[in-house]
Amino acid sequence: MLSQETYKKIDRELAKYPADQRQSAVMASLAHAQVELGWLSPETMQEIADYIGMPAIAVQEVATFYNMYNIKPVGKHKITVCTNLPCALSGGERAGQRLKDKLGIDYRDTTLDGQFTLIEGECMGACGDAPVMLVNNHRMCSFMSDEKIDALVEELKK
């Protein structure tokens, strides 16, 4: 299921830890698998568990605990909006509503064309930059005014 390139990345993560602590690489391994496949199916989690040498349920516990892991298919662009209290008070709720209206979906939904999934997120550690969003778990967007939200959506549509 996973490519040789992804296995090479996982091997680099595993090399960072003693042989008896391979499970320490599980988060990075899940991230590499998700970058390749877009989400983490039960079969992918089993494959990672077998490769690392840990129980599948332990891998699943990690994948379901953190919201950065997609345990069901998501759109090409996953936008996570911080709605934790500081961001909510500084425009996070407004920004989330703007995206809901613009995309025609609610939180935890995906647009019919499969391009966008909208997620409500917890603190992203950038309260002073509120409202903040995270695109595909890798790109932080700060001070998201309505104009910046519109521009982001248009950019991602291309």
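Going by the numbering used here, the sequence shown opens with residue 4, and the numbers climb by one from there. Even glycine gets a Cβ: it sits at the ideal position worked out from N, Cα and C. Computed from a prediction, not measured in an experiment: that's the story for all the values here.
Between G95 and V77, the C-beta gap is not smaller than 8 angstroms, which leaves the two residues out of contact. Taking the CA atoms as reference points, W42 sits about 15 angstroms from S6. In the displayed model, V138 falls within a strand according to three-state DSSP. In the three-state DSSP reduction, M147 falls in the coil class, being neither helix nor strand. Within 10 angstroms of the beta-carbon of K12 lie 16 or more other beta-carbons, which makes it buried.
Ranked by how close their Cα comes to the Cα of C126, the residues K103, Q118, L92 have L92 in first place.
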